[in-house]
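Participant: I am attaching a structure below and will ask some questions about it afterwards.
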Amino acid sequence: MINNRGVKLTVGFFLLACLLYMAFWPKERATQNANEMDVTWVRMAELAEACKNYHRIVGA
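Read left to right, the sequence shown gives residues 178 to 237 (our numbering).
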């Protein structure tokens, strides 16, 4: 049986990590002429890839 408390803590931790990642994204990685929406989509794509990798590693 899955420990619901552990799942909630894990999901909460990664949501917090994702918010911090997006908030403190290094601005120098974005090009000077990039549209902010494009930069946001790139961040979300990288975040989704990181989540997929995490799920693959932990076997979720």
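Every residue, glycine too, gets a C-beta built ideally from N, C-alpha and C.
(1) Pick helix, strand or coil for residue 190, following the three-state DSSP scheme.
(2) Quick one: Cα of residue 213 to Cα of residue 198, how far?
(3) Can you grab the Cα-Cα spacing for the pair residue 217 / residue 233, in whole Å?
(4) Based on Cα-Cα distance, which residue from 191, 186, 181 lies nearest to residue 230?
(5) Can you grab the Cα-Cα spacing for the pair residue 185 / residue 196, in whole Å?
Facilitator: Per the coordinate set shown:
(1) Collapsing the DSSP output to three states places residue 190 in a helix.
(2) Whole-angstrom Cα-Cα distance: 16 Å.
(3) When rounded, the distance between both Cα atoms is 24 Å.
(4) Considering only alpha carbons, the answer is 191.
(5) Roughly 16 Å between the two C-alpha positions.
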